[in-house]
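Working notes for the structure below.
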Amino acid sequence: MPKQNLSSWMKISDEFLQKWNFPNCLGAVDGKHIQMFAPNNFGSMDFNYKKFFSNILMAVVDASYKFVMVTIGAHGSNADPSVFAASNFGKAWKQCPQQLKVPADRCLPGTQTPQPFVLVGDEAFGLSYNLLTPYSGNYLPTSERIFNYRLSRARRLVESAFRMLAHTWRILLKSLEVQPALGKLIVLCCCILHNYIKLNMKELKKNIREVQTHDPSAYVNYEARMAQPVSTAVIIRNSFAEWFINEGNLPFQYSHV
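Numbering (full-length UniProt numbering), first residue to last: 1 to 257.
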């Protein structure tokens with residue numbers, strides 16, 4: 001996948017707000033098991049809880065179902081969060097987001113307190129300052145149930161992208177009867193072709209020159225963020241939850257909780 005820059009990240013964020021009413025979002029993250037042929041050197045680490053041999057396709061998807069980041073090759077027995085954390089993108093996202101050209105914090109529309117740009121994932125990924133996950137538990141207050149609904153709307157984009165990928169390139173619906181290295185290459189090619197199709201399904205504006213800034217203040221202060229405690233992530237999630245029932249309120253959301 002092409003590397004993102006400040007301009008492309010901001011475009012992704014704007015599309016998440018416009019299409020899915022989720023501000024400051026740069027992608028939905030999840031993993032998918034890709035069934036693989038099991039040669040003699042395939043070990044038990046590749047045998048997953050679904051009882052077949054696989055490698056994990058880990059991906060971040062934008063607001064239009066396009067892949068922003070993909071990595072394939074982790075053992076099928078691994079959990080999605082550990083695969084993400086071990087990937088180059090995941091390490092940079094957690095430890096040094098400036099390497100990824102992530103924009104500096106921006107206020108949610110109608111508010112005055114800057115909030116970080118985030119990914120959205122399921123609860124298994126664990127809450128952090130720049131990765132939002134659902135509130136857990138029963139009998140949640142309205143604001144938290146609304147947050148979970150709004151996060152689910154954004155997060156399910158990655159699940160839908162996986163379904164589109166497999167049903168377009170139907171070779172992915174069954175075991176890849178090739179050596180693992182070639183299987184990984186096939187999956188990556190399918191992801192690239194998926195993006196190509198998505199880009200060319202709509203009219204593309206031509207001759208638009210993206211202005212890229214090299215102002216360090218335009219990027220996130222990752223050193224300060226790395227030192228933030230878990231309690232900061234809770235405050236950030238609460239801020240999004242409050243926005244969803246105030247400035248970002250959607251009338252139809254209450255019928256879904």
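Ideal Cβ placement from N, Cα and C applies to all residues, glycine included.
Taking residue i as part of the beta strand (DSSP E), name the residues at either end of that continuous run.
i    : result
G183 : Here G183 belongs to no beta strand (DSSP E); instead the alpha helix (DSSP H) covers 180-200.
I34  : 25-35
I56  : 54-61
Please decide whether residue i counts as near chain B, where near means a Cβ-Cβ distance under 8 Å.
i    : result
A181 : Judged by its chain identifiers, the structure shown contains no chain B, having just a single protein chain.
Going along the chain, which residues of its own chain have a beta-carbon closer than 7 Å to the beta-carbon of residue i, five neighbours each way excluded?
i    : result
L57  : G31, K32, I34, V70, I72, V187
S160 : Y65
Spatial neighbours of residue i within its chain, please: C-beta separation below 6 Å, excluding the five flanking residues on both sides.
i    : result
G183 : M36, L176
L17  : P23
F89  : M69
Determine which residues share a DSSP beta bridge with residue i and list them.
i    : result
C107 : P114
L132 : V120
Q67  : According to the sequence provided, residue 67 is Phe. The question's Gln does not apply to it. Beta-bridge pairing links F67 to V61.
Check whether the Cβ of residue i lies closer than 7 Å to any heavy atom of the ligand NAD, and answer yes or no.
i   : result
Q98 : The ligand NAD is not among the ligands present in this structure, which contains no ligands whatsoever.
Please classify residue i as buried or exposed, where buried requires at least 16 other C-beta atoms within 10 Å of its C-beta.
i    : result
S231 : exposed
G126 : exposed
I146 : buried
E144 : buried
I197 : exposed
S13  : buried
V234 : exposed
P141 : exposed
L26  : buried
A181 : exposed
Between residue i and the rest of its own chain, which residues show a CB-CB distance below 8 Å, the 5 nearest in sequence each way excluded?
i    : result
F162 : D30, K32, L57, A59
N21  : R150, R153, G248, L250
E123 : T133, P134, S136
E242 : S143
For the alpha helix (DSSP H) that residue i lies in, which residues bound it at each end?
i    : result
T142 : 142-168
P81  : 80-86
Q99  : Neither: Q99 is in no alpha helix (DSSP H) and is coded neither H nor E.
M10  : 6-20
### Query
Is the segment 190-199 touching the segment 96-110 in the sense that three or more CB pairs, one from each, lie closer than 8 Å?
no
### Query
Is it a yes or a no for the segment 150-163 touching the segment 122-142, going by three-plus beta-carbon pairs under 8 Å?
Segment contact: the segment 150-163 against the segment 122-142, three or more CB-CB distances shorter than 8 Å; contact assigned.
### Task
For the segment 246-255 and the segment 109-124, state whether three or more C-beta atom pairs, one from each stretch, are separated by less than 8 Å.
Touching, per the Cβ criterion.
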